[in-house]
């Protein structure tokens, strides 16, 4: 990619950005669009424009607001998770700034006033040294071999490690306090009184699963057990329920249309009608309101019958057990409940809207098998993703495309389009892969049999983390370190000590941040 | 080591064995020695000889008894641990026997009827093939390259794996049932109602540690908390207590001597006396009974004062917390009790006699530091123990000893002694190391800060396991496999598949048995 392609790429992105910001500003100022742009403000019953200054409506006003918000505001608006995410960002910033404040004024002059680059270029006076940039002069490469200045660089690695440990430890305590505060608020949530039970053993034939869960937990927690809800397969009942809801929506819509038609020139109005056949295009023409009411009346008893049979006959081998106190639920969720590991697995209950119901009844052996399989696929993806991407990139060069698809010549041969395509085509496969990767990882994590959406997100993030680590840390850093390490050892055997001193705290930092992220 | 040395070594061991068995038989038959040889029988109030047949007294009679004992007998006599140990042994035996019953009749003829050894020896008819033994004919080495018979050997590896999985799974369930049965018996133990709390934070100045433990657990377990006992440093009080006990023993002994002397020719008896100075040899001569009574009277108030101050002022940052039900204690021992990991660490309470009291107050950071250090030392011991042993062995050959210590020549030059020494000397360093290793590992494990003796034994066994694994599995198997693997690949590239098929189930078996042992 030449420099003009790079500039083109940069300019294209900037133009798209400016256009989008202008569209956003224009759309968000139209009063009718308020429910789209300020839903949370409206939900809290506030007028999105009144009493909040003009800054709110400007496309950059929210930035000032975001910066002045206190942590309590963030927790109130976005929950603990948002606050923790901000702590994470500020920790990274703190490590960068605190390290930089000490190291830049120290290391930049040390490198800039040395002459390794000039010496290696074969010039003794600085004027003719033109084959390296000013940036290169400021880096470690400009320090001469066996110079005492190298000690400053080694010690600075220890400084970065120390700052990282300190900031991470402070952030850990901060997040821990945030969570504790959220846990001890007075607005109780149902999931704080519940535990999720999986791998319920098959009960004797005269008992339902609900009976067996009830009696098992009543014996183990005689004073604190409140009740158990067994997970059921409600696919059939839900289908009927959705049908009824659809009819209700249609009635509401038809009634609104009917009321509107009364306001017009005809005071008696026109009753809305539709056809019962495919997509409302064929079949008998019926009065929508009457027809839908009739359908609902027919479906309601079917729904009730289906719900009853679902509750009794389609019980799955998982349940939510409720306790009468938070402490009892917390304690139960951390305690073993069965003699063997493959029965009565108890975990904390996720939020109701967070559950992946289809994953709950999966058995422990199935979950382990799926997990192993998913880990293997992720391993292949992380380590060998370059193979298909390189293959695709090799095919999709501009020249190859012109050969294979000659009708493109008309478009491709224009200079402007050619420059744009040359800027994006080589990366296209990589861009598509990177765009699809999170979705793939989410799908894989969900296939593991994890019981909640947020846990799936966490699992996918973990897999993405390994992807980044392998590519940035292992693929790039280590391979180059290995080369330089080998070169150091060959050139200068005692150099291995310098190298070890250099890499140990780095690895420790890496490891600690990894542990902290887990 | 030549064959005569080997036979000498074997004979020496056998002679020692026979002598010890004879001594044991003679000693155990003398009625006065019953408290030494049959303590558990006497403790249960039975006569060690009556009603148990002559077999009991014979040196091999106990073997028959041991074989006929049921598992319930074993649990009653030796506890669950003994029964679990027997399950472990019988699992190993089952794996060996079940594998062998199927494989030996199958594989031995397959190998014996092939001719790879004869062919490689360069002979075509069997008569001249003298440079290999009959044992070698029965092994895999006698199967020809690319023979279909190799499939039988590969499949047999899978058979061994399958048998191992099955037996381990059955043993796991069996042991789990044994433990559950022991846990649900009606004879309750104090530790089943208790949890061990460590890393108690320093209380505010107006509170003792006991107060803070009491109030903390009373709040968290309002209904089930019974009481807390804080660990104290009772070194001083114990010293005085031991002194008093010593005096009491002296009085008991003196009174017995006095009573004995009355039975003799003097009806009034002689009061025992001793000197107060060093070892009873110098100083004033005193009446033992009177003197000791006086000492006890003097020490008792001191002991009381010391006990009081110990209970109040020498509280350590660890405690045993008791609950009013087994379930509450079991649940509490598995539940987190503090916001940060470094405070209020709760674990199951060990048996009282099993506690290592000096380890209890060690703080979590100290424990982690010690653990890391101990693991590092164990790593060095496991991986590099051969270096000092080889060095010592090189020095302690018979010839070197004769050179360095010429006065030994008189003894060493006698033929019998020389043979014995040649049999044992080269292994001496290894024997001494292997004899001292368990003690070293126990010491290291104890230094980790582990709270109970049985946990220390477990930790030391784990370390010993790594030692065995490294030496047997890695040192021996892998190094030879690697050679053969490389040779296979060089000789015959598709052979790698055979090799992988061969080694995968083996590794899986190894891994599973490792997990099961953990």
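Chains as they are written, first to last, in this note's numbering: chain Y, 1 to 518; chain A, 1001 to 1518.
Backbone N, C-alpha and C define an ideal beta-carbon position, used for all residues, glycine too.
Exposure of residue i, with buried meaning 16 or more beta-carbon neighbours within 10 Å
i: residue 451 of chain Y; result: buried
i: residue 1198 of chain A; result: buried
i: residue 1016 of chain A; result: exposed
i: residue 1448 of chain A; result: buried
i: residue 1055 of chain A; result: Reliability of the predicted coordinates at residue 1055 of chain A is poor, the pLDDT of 46 falling under 50, and the value obtained from them is presented with this limitation in mind. Per the 10 Å Cβ criterion, exposed.
i: residue 600 of chain Y; result: Any property of residue 600 of chain Y remains undetermined from this structure, which presents chain Y solely from 1 to 518.
i: residue 1004 of chain A; result: exposed
i: residue 191 of chain Y; result: buried
i: residue 1350 of chain A; result: buried
i: residue 1053 of chain A; result: With a pLDDT of 49 at residue 1053 of chain A, under the threshold of 50, the modelled position of that residue is not reliable, and no figure is offered here.
i: residue 1552 of chain A; result: With chain A covering 1001 to 1518 only, the question about residue 1552 of chain A has no answer from this structure.
i: residue 27 of chain Y; result: exposed
i: residue 1031 of chain A; result: exposed
i: residue 359 of chain Y; result: buried
i: residue 1110 of chain A; result: buried
i: residue 107 of chain Y; result: buried
Contact set between residue i and chain Y, taken where Cβ atoms lie within less than 8 Å
i: residue 1335 of chain A; result: 330, 331, 334, 335
i: residue 1065 of chain A; result: Going along chain Y, no residue has its Cβ under 8 Å from residue 1065 of chain A, so there is no contact; the nearest lies around 32 Å.
i: residue 1181 of chain A; result: Those do not exist, as residue 1181 of chain A stays about 10 Å from chain Y at its closest Cβ, beyond 8 Å.
Minimum C-alpha distance to residue i - residue among the options
i: residue 115 of chain Y; options: Y:221, Y:136, Y:446; result: Y:136
i: residue 9 of chain Y; options: Y:419, Y:471, Y:249, Y:442; result: Y:419
i: residue 240 of chain Y; options: Y:298, Y:205, Y:32; result: Y:298
i: residue 338 of chain Y; options: A:1095, A:1388, A:1344, A:1331; result: A:1331
i: residue 1365 of chain A; options: A:1346, A:1341, A:1402; result: A:1341
i: residue 193 of chain Y; options: Y:107, Y:348, Y:293; result: Y:348
i: residue 1243 of chain A; options: A:1207, A:1257, A:1295, A:1401; result: A:1295
i: residue 195 of chain Y; options: Y:45, Y:336, Y:421, Y:456; result: Y:336
i: residue 1074 of chain A; options: A:1183, A:1266, A:1178; result: A:1178
Chain Y residues whose Cβ lies nearer than 7 Å to that of residue i
i: residue 1544 of chain A; result: In this structure chain A extends from 1001 to 1518, so residue 1544 of chain A is not present and cannot be described.
Where the beta strand (DSSP E) through residue i begins and ends
i: residue 1320 of chain A; result: 1315–1323
i: residue 1287 of chain A; result: 1285–1287
i: residue 448 of chain Y; result: From DSSP, residue 448 of chain Y is part of no beta strand (DSSP E); its letter is neither H nor E.
i: residue 348 of chain Y; result: 345–348
i: residue 1196 of chain A; result: 1194–1198
i: residue 1221 of chain A; result: Unbroken run through residue 1221 of chain A: none, as it is neither H nor E.
i: residue 226 of chain Y; result: 225–232
i: residue 370 of chain Y; result: Counting along the chain, residue 370 of chain Y falls outside any beta strand (DSSP E), though it belongs to the alpha helix (DSSP H) covering 364–384.
i: residue 353 of chain Y; result: Note, residue 353 of chain Y: premise wrong, no beta strand (DSSP E); not H, not E.
i: residue 402 of chain Y; result: Careful: residue 402 of chain Y lies outside any beta strand (DSSP E), inside the alpha helix (DSSP H) at 398–404.
i: residue 274 of chain Y; result: 273–275
Contact list for residue i against chain A, beta-carbon separation under 8 Å
i: residue 340 of chain Y; result: 1173, 1176
Interface partners of residue i on chain Y, CB under 9 Å
i: residue 1435 of chain A; result: Residues of chain Y passing the Cβ test: none, with the nearest at roughly 37 Å.
Delimiting residues of the alpha helix (DSSP H) encompassing residue i
i: residue 326 of chain Y; result: 326–333
i: residue 1179 of chain A; result: 1150–1183
i: residue 252 of chain Y; result: 235–263
i: residue 1101 of chain A; result: 1071–1112
i: residue 1409 of chain A; result: 1409–1412
i: residue 41 of chain Y; result: 39–43
For the 8 Å Cβ check, are there 3 or more pairs between the region 344–360 of chain Y and the region 422–442 of chain Y?
no
For the region 1364–1371 of chain A and the region 1207–1217 of chain A, state whether three or more C-beta atom pairs, one from each stretch, are separated by less than 8 Å.
no
At a cut of 8 Å, does the region 79–98 of chain Y reach the region 171–178 of chain Y through at least three beta carbon pairs?
yes
Check whether the region 1219–1237 of chain A and the region 1318–1333 of chain A touch, using three or more Cβ-Cβ pairs below 8 Å as the test.
yes
At least three beta-carbon pairs within less than 8 Å, the region 26–38 of chain Y to the region 143–151 of chain Y
no
Please determine if the region 288–296 of chain Y and the region 248–255 of chain Y are in contact, where contact requires at least 3 C-beta pairs separated by less than 8 Å.
yes
Any contact of the region 93–102 of chain Y with the region 152–163 of chain Y, i.e. 3+ C-beta pairs under 8 Å?
yes
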